[in-house]
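**Q** In the UniProt record's numbering, the protein residues as written are 1 to 143. We treat Cβ as the ideally placed atom computed from N, Cα and C, and that holds for glycine. Bear in mind the structure is a predicted one, so any value in this text is a computation, not a measurement.
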């Protein structure tokens, strides 16, 4: 019996991710932030986080997180400090970072509305749930 050739899950998700990321990056460009940098700032808006926790929340490896943090730390939008005798590092949103994030939020909201409008709110709700389930299934952790 011949096997059925299904589309590759990874390739399909990466194509969608690249398309969506490109759109967000275009919308956020005027703010000087990339989509990933904006996500870091949003995750820090409620308080400081250890770099390990921040990487976990973003489902990023630490090397990628460090590459993302470097330019936003240089701009003064995030402060990285050592805690407990220099072992663990913490990331904190600075006042300049909060202002940058708030400036970029209008563009982010517009992009959110465009995408949800294009696929419909019900489709988005279902997709969001399915993506969270996929993260749980592949990492064992909640999205």
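When you compare the region 9-25 with the region 106-123, are there three or more beta-carbon pairs, one atom per stretch, that lie closer than 8 Å?
**A** By the C-beta criterion, the region 9-25 is judged to be in contact with the region 106-123, since at least 3 inter-stretch pairs fall below 8 Å.
**Q** Are residue 51 and residue 28 touching if we call contact CB-CB under 9 Å?
**A** Between residue 51 and residue 28, the gap from beta carbon to beta carbon reaches 9 Å or more.
**Q** Rank 31, 73, 135, 26 by C-alpha distance to the C-alpha of residue 101 and give the top, closest one.
**A** 31
**Q** To the nearest angstrom, how far is it from the Cα of residue 135 to the Cα of residue 83?
**A** 30 Å
**Q** Starting from the C-beta of residue 92, find all residues in its chain whose C-beta is less than 6 Å away, skip the five residues before and the five after it, and write them out in chain order.
**A** 48, 79
**Q** Cα separation between residue 103 and residue 76?
**A** 15 Å
**Q** Do residue 41 and residue 98 have their C-beta atoms within less than 9 Å of each other?
**A** yes
**Q** Taking 7 Å as the limit between beta carbons, can you name the residues of its chain near residue 60, skipping five residues before and five after?
**A** Contacts found: none.
**Q** Answer with buried or exposed for residue 55, where buried requires no fewer than 16 other C-beta atoms within 10 angstroms of its C-beta.
**A** buried
**Q** Count the other CB atoms, across all protein chains shown, that sit within 10 Å of the CB of residue 37; report buried if there are 16 or more and exposed otherwise.
**A** buried
**Q** If you follow the beta strand (DSSP E) that residue 15 is part of, which residue opens it and which one closes it?
**A** First-last for residue 15: 9-28, but that is the alpha helix (DSSP H), not the beta strand (DSSP E).
**Q** In whole angstroms, give me the CA-to-CA distance for residue 89 and residue 81.
**A** The straight-line gap from Cα to Cα measures roughly 5 Å.
**Q** Residues in the same chain with beta-carbon distance under 7 Å from residue 116, minus the five sequence neighbours each way, listed in chain order, please.
**A** Within its own chain, the residues whose Cβ lies closer than 7 Å to the Cβ of residue 116, once the five positions on either side in sequence are excluded, are 124, listed in chain order.
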